[in-house]
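**Student:**
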Amino acid sequence: MFEPDFDKGNGLVPVIVQDFKSNDVLMLAYMNNEAWIKTLQTGKATYWSRSRKELWVKGETSGNSQQVKEIRVDCDSDTLLLRVEQKGAACHEGYRSCFFRRVTPEGFEIIGSRLFNPEEVYKK
């Protein structure tokens, strides 16, 4: 069975997450070997939180889950692309995609709409 090269990134590989139908890039996250195995076993996108230093299944808290439809690996075996069926927002800020800001000559422009209020969902 294929295994990503977790050694290149000190035990982590970056994961680009893309909507399976629209091809929109939703987010970037990281996986360790444990998250990789859990994702393969369950079909639910599971990541390693660098800030909390623990596994997290996307949507456990917010309900905005990701069902994995396809996994691709880059030529160096050190980056993954997950193509997912996204339920609700991918971004913890409440936007469909984490890439909701566009750089313009005037600064940043918000190009997305919030699908939920993060203060209500995460009780901040």
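With this note's numbering, letter number 27 in the sequence shown gets 75, and the count goes up by one each step, no holes.
C-beta: ideal position from N, C-alpha, C; glycine also.
Just so you know, these numbers come straight off a predicted model, no measurement behind them.
1. Across which residues does DSSP place Lys92 in a beta bridge pair?
2. When you compare only the Cα positions, how much space is there between Leu74 and Leu130?
3. Can you tell me whether Arg144 is buried or exposed, with buried defined as 16 or more other CB within 10 angstroms of its CB?
4. Out of Ala138, Pro62, Ser113 and Phe156, which has the shortest C-alpha to C-alpha gap to Trp84?
5. Counting Cβ pairs, one atom from each stretch, are 3 or more of them under 8 Å apart for the region 136-155 and the region 101-118?
6. Mind pulling the beta strand (DSSP E) runs of 3 or more residues that sit fully within the region 123-170?
7. Across which residues does DSSP place Pro62 in a beta bridge pair?
8. Assign Gln66 to buried or exposed, taking buried as 16 or more other Cβ atoms, counted over all protein chains shown, within 10 Å of its Cβ.
9. What's the C-alpha gap between Thr90 and Ser161?
10. Check Asp174 in the structure and name its three-state DSSP category.
**Tutor:** So, from the listed chains and residues:
1. Reading the sequence shown from its first residue, position 44 is the one you call residue 92. In DSSP, Lys92 forms a bridge with Gln115.
2. Start at 1 with the first residue of the sequence shown, and residue 74 comes out as number 26. Start at 1 with the first residue of the sequence shown, and residue 130 comes out as number 82. Those two C-alpha atoms are separated by around 10 Å.
3. Against the sequence shown, residue 144 aligns to sequence position 96. Result: buried.
4. Taking the first residue of the sequence shown as 1, we reach residue 84 at position 36. Ranking Ala138, Pro62, Ser113 and Phe156 by Cα distance to Trp84 puts Pro62 first.
5. yes
6. Taken in chain order, the complete beta strand (DSSP E) segments of 3 residues or longer contained in the region 123-170 are 128-134, 149-152 and 155-158.
7. Within the sequence shown, the letter at position 14 stands for residue 62. For Pro62, which the question treats as bridged, DSSP gives the partners Tyr78.
8. Here residue 66 is taken as the residue at index 18 of the sequence shown, counted from 1. When all chains shown are included, Gln66 counts as buried.
9. The sequence position of residue 90 within the sequence shown is 42, counting from 1. The sequence position of residue 161 within the sequence shown is 113, counting from 1. Approximately 30 Å between the Cα atoms of the pair.
10. It is not possible to answer for residue 174, since the shown part of the chain is limited to 49 through 172.
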